[in-house]
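> I have a structure I would like to understand better, so I am pasting it below and will then ask my questions one at a time.
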Amino acid sequence: MTIPDYDIGRLVGGDMDSVRKAYTNFKEQEIDQVILKEGPYPYPMNKTTIVGTEKVSGRGTFSNNTNSTLVFSPGKDDGWWINRTDLGEQFPFKVSIRNVWTTARNIVLRCGNPHNYLRMVEHIIALKVGMAVDNMLISTETGDPPLFERGNLDLVEAVLKSGITETKEPAKFIT
Numbered sequence: 016m017t018i019p020d021y022d023i024g025r026l027v028g029g030d031m032d033s034v035r036k037a038y039t040n041f042k043e044q045e046i047d048q049v050i051l052k053e054g055p056y057p058y059p060m061n062k063t064t065i066v067g068t069e070k071v072s073g074r075g076t077f078s079n080n081t082n083s084t085l086v087f088s089p090g091k092d093d094g095w096w097i098n099r100t101d102l103g104e105q106f107p108f109k110v111s112i113r114n115v116w117t118t119a120r121n122i123v124l125r126c127g128n129p130h131n132y133l134r135m136v137e138h139i140i141a142l143k144v145g146m147a148v149d150n151m152l153i154s155t156e157t158g159d160p161p162l163f164e165r166g167n168l169d170l171v172e173a174v175l176k177s178g179i180t181e182t183k184e185p186a187k188f189i190t
């Protein structure tokens, strides 16, 4: 896989030579794994969800002594939803810019009760675009997601193990 050449564009600040050098270094990095959809069209024409339920566990990101688990389940509603199962009277909340509570040190999503939150969601929701999964429910018993030694690879493997399937609902494309 090769990275196409793009015009760098207008530089607002800094040195153009160092930007070009950084871009060249970026393009020369080896790509060790490529996971793309087969076929002539890179994205499915219908919305997607996962086939089954998969769990991923690791030590908590902020509370290193406790174990934290994320449960990925097929999504029945449009979009990605987070369900805090330890907070019985709270509804699941949508992964949306509207539910961003703070971005001070990491992205925290929250809806309703101040305890109904999930921290460090950036590495979890990166899967939404990277894996082309449109609808999913993520359940957890804590606001502290697991931290993994291999970065997002544990999350990617859980989604791949579950399988990705197209729903009957047409996908929406924004260009």
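Position 80 of the sequence shown, counting from 1, maps to 95 under the numbering used here, and the rest follow consecutively.
Where a beta carbon is used, it is the ideal one built from N, C-alpha and C, also for glycine.
Source: prediction; values computed, not measured.
Can you tell me which of the three DSSP states G35 falls into?
Along the sequence shown, one-based indexing puts residue 35 at 20. The amino acid at residue 35 is misidentified as Gly; the sequence shows Arg. Helix at R35.
> Considering V171, what are the terminal residues of the beta strand (DSSP E) in which it resides?
For the purposes of this step, residue 171 is identified with residue 156 of the sequence shown, where counting begins at 1. Per DSSP, V171 lies in no beta strand (DSSP E) segment; the continuous alpha helix (DSSP H) that holds it begins and ends at 168-177.
> Which residue comes first and which comes last in the beta strand (DSSP E) that contains E69?
In the sequence shown, residue 69 corresponds to position 54, counting from 1. Taken as a continuous stretch (DSSP letters only), the beta strand (DSSP E) holding E69 covers 69-74.
> Short check: CB of S177 to CB of E43, under 8 Å?
Working through the sequence shown from its first residue, we reach residue 177 at position 162. Working through the sequence shown from its first residue, we reach residue 43 at position 28. Not closer than 8 Å, so no.
> From G24 to H138, what does the alpha carbon distance come to, in whole angstroms?
Here residue 24 is taken as the residue at index 9 of the sequence shown, counted from 1. Here residue 138 is taken as the residue at index 123 of the sequence shown, counted from 1. Computed Cα separation, rounded: 28 Å.
> Does DSSP put K187 in a helix, a strand or coil?
Along the sequence shown, one-based indexing puts residue 187 at 172. If DSSP states are grouped into helix, strand and coil, K187 belongs with coil.
> Identify whether I65 lies in helix, strand or coil by the three-state DSSP scheme.
Here residue 65 is taken as the residue at index 50 of the sequence shown, counted from 1. It is a strand residue.
> Once you ignore the five residues that flank D101 on each side, which residues in its own chain have a CB closer than 6 Å to its CB?
On the sequence shown, position 86 is the one that residue 101 refers to. If we look at D101 and ignore the five residues flanking it on each side, its Cβ neighbours are E156.
> Are there 16 or more other CB atoms within 10 angstroms of the CB of Y58, so buried, or fewer, so exposed?
Here residue 58 refers to the residue found at position 43 when the sequence shown is read from its first residue. That one is exposed.
> When we look at the beta-carbon of F87 and count the other beta-carbons within 10 Å, is it buried (16 or more) or exposed?
Position 72 of the sequence shown, counted from the start, is the residue given in the question as residue 87. Under the 10 Å beta carbon count, F87 is surrounded by 16 or more other beta carbons and is classified as buried.
> Which partner residues does V195 have in the DSSP bridge list?
Lying before the first or after the last residue shown, residue 195 is absent from the chain, which here runs from 16 to 190.
> Check whether the Cβ atoms of L162 and G73 lie closer than 8 Å to each other.
Counting from 1 along the sequence shown, the entry for residue 162 is found at position 147. Counting from 1 along the sequence shown, the entry for residue 73 is found at position 58. Yes, they are a contact pair.
> What's the C-alpha gap between T63 and D30?
Residue 63 sits at position 48 when you count from the first residue of the sequence shown. Residue 30 sits at position 15 when you count from the first residue of the sequence shown. Approximately 43 Å between the Cα atoms of the pair.
> Leaving out the 5 sequence neighbours to the left and right, which residues in its chain are closer than 8 Å to C66 when beta-carbon positions are compared?
Here residue 66 refers to the residue found at position 51 when the sequence shown is read from its first residue. Position check: residue 66 holds Val in this sequence, whereas Cys was assumed. Excluding residues within five positions, the ones whose Cβ falls inside 8 Å are P89, S177, G178, I179, T180.
> Expressed to the nearest angstrom, what Euclidean distance is found between the alpha-carbon atoms of I153 and W116?
By 1-based counting over the sequence shown, the position of residue 153 is 138. By 1-based counting over the sequence shown, the position of residue 116 is 101. Answer to the nearest angstrom: the Cα atoms are 18 Å apart.
> Are the CB atoms of T76 and R134 within a distance shorter than 8 Å?
Here residue 134 is taken as the residue at index 119 of the sequence shown, counted from 1. Here residue 76 is taken as the residue at index 61 of the sequence shown, counted from 1. For R134 and T76, yes; Cβs fall inside 8 Å.
> What are the boundary residues of the beta strand (DSSP E) that L142 is part of?
In the sequence shown, residue 142 corresponds to position 127, counting from 1. Here L142 belongs to no beta strand (DSSP E); instead the alpha helix (DSSP H) covers 137-145.
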